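A.B. asks:
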DNA sequence: CACTCATTTCACACAAGTGTGAAAGTTCGT
DNA sequence: ACGAACTTTCACACTTGTGTGAAATGAGTG
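Protein chains in written order, with our numbering: chain Y, 5 to 165; chain E, 5 to 165.
1) In chain Y, which residues lie with their C-beta within 7 Å of the C-beta of residue 112/E?
2) Relative to the C-alpha of residue 35/Y, which candidate in 114/Y, 64/Y, 9/Y has its C-alpha closest?
3) Using the Cβ count rule (16 or more neighbours within 10 Å means buried), how would you classify residue 139/E?
4) Under a Cβ-count criterion, where at least 16 other Cβ atoms within 10 Å of its own Cβ denotes burial, should residue 43/E be classed as buried or exposed?
5) Cβ of residue 22/E within 9 Å of Cβ of residue 113/Y?
6) Which chain E residues sit within Cβ distance under 8 Å of residue 129/Y?
7) Looking at residue 79/Y and residue 67/Y, is the spacing between their C-beta atoms short of 9 Å?
8) On the criterion of 16 or more Cβ atoms from any shown chain inside 10 Å, does residue 88/Y qualify as buried, or is it exposed?
9) Short of 9 Å Cβ to Cβ, which residues in the region 50-62 of chain Y face chain E?
10) Quick check: the Cα distance between residue 52/E and residue 94/E, rounded to an integer number of angstroms?
11) Per DSSP, which residues does residue 130/Y bridge with? Please list them.
12) Using a threshold of 9 Å, state whether the C-beta atoms of residue 136/Y and residue 147/Y are closer than that.
13) For residue 151/Y and residue 103/E, what's the separation of their Cα atoms in angstroms?
14) Considering only DSSP beta bridges, list what residue 100/Y is partnered with.
15) Could you check whether the Cβ of residue 103/Y sits closer than 9 Å to any Cβ belonging to chain E?
16) Short check: CB of residue 173/E to CB of residue 41/E, under 9 Å?
17) Can you look up residue 145/Y in the DSSP assignment and give me helix, strand or coil?
18) Can you tell me which of 49/Y, 47/Y, 38/Y puts its alpha carbon nearest to the alpha carbon of residue 71/Y?
19) Identify whether residue 80/Y lies in helix, strand or coil by the three-state DSSP scheme.
20) Apply the 10 Å Cβ neighbour rule to residue 121/Y and answer buried if 16 or more other Cβ atoms are within range, or exposed otherwise.
21) Give me the Cα-Cα distance between residue 18/Y and residue 125/E, rounded to the nearest whole angstrom.
22) Between the Cα of residue 82/Y and those of 92/Y, 73/Y, 131/Y, spot the shortest distance and give me the residue it belongs to.
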């Protein structure tokens, strides 16, 4: 049946697309490739060698990428005793986690805007009022995001029944 | 009164911080500096020369930045007749607009995930199900963002009464 | 302990982005 | 039309990120 056929060429293109997309957003390209190779894998985990093979890149590139991804808790390293190879596994819902993590940017923006508003002379000045407005917007959005994400989790759980 | 004093040094630091922050997210640094110099200005608009002076950068750098910012509709160029200098003004709520614009990324991500899910063999496969989950998440968030932003606009309008 | 396979580190090449100075192009006032 | 003020374009230097091959390190096996 067609719907159960893996289109390897299309998947490679997909991985590359996503890596480029994340790359535009400041995410290291190779790390993006690794994440989406794992996403696109039917196996639960892959070795560094498998990742290198599927991506056609050097072992060194994989090494750097998985180190980065481990640090930010996006992949887990599984050391199987009795095997020289480490296995790498995606942390559950890692793209969800990434999204959440990226949202800390909102707090950073809000904080910076607050500092700027004060430096501009407070809300009594044109610039101060403008920067305070920016701060309020990002603060407001940030405050409401957790509830939004909870709602997603709840709907997903309901669907799974 | 202290609260009406501009702290120029702190504002320059603020501008640089924000530019670096946006830079990490794929936004051109100099364009970021220009945006936040305008945000931090009490004047409604600034000339290229004023921007260059305040930032301590070359006129060429300003030229490139405002061209970029005009293209993405973040600053408006105001050509005052009888004056050789162009004036640059922030489009209202431009940081809000930027945020909204960036959210188109969610659709791009969802679309790419959909393609990936199909290439992986559909929801019957491990990878296909995983990618479909990613697609569903981004689609869901994207669907709910407009309402969230409308709510902000409504609350802001209510406060302004 | 020596052997072998897997991973990491390192120096390098290559590509992309960033900002500058100088020259060229525009626009207004006279 | 000329000159002055302002802006844009261009070639260059500098920095940063990216991935490679080769050497070094680490881990299991006989």
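We put the beta carbon where it would ideally sit given N, CA and C, even for glycine. These figures come from a predicted structure and were not determined experimentally.
C.D. replies: To lay it out plainly:
1) 25
2) 64/Y
3) buried
4) buried
5) yes
6) 8, 10, 46
7) no
8) exposed
9) Here the close residues number zero.
10) 13 Å
11) Bridge partners of residue 130/Y: none, in fact.
12) For residue 136/Y and residue 147/Y, no; Cβs fall outside 9 Å.
13) Pairing residue 151/Y with residue 103/E, the inter-Cα distance amounts to about 19 Å.
14) BP columns for residue 100/Y are empty, so no partner.
15) yes
16) The structure shown does not extend to residue 173/E, since chain E spans only 5 to 165, so no value can be given for it.
17) helix
18) Cα-wise, what sits closest to residue 71/Y is 38/Y.
19) strand
20) Under this definition residue 121/Y is a buried residue.
21) 13 Å
22) 92/Y
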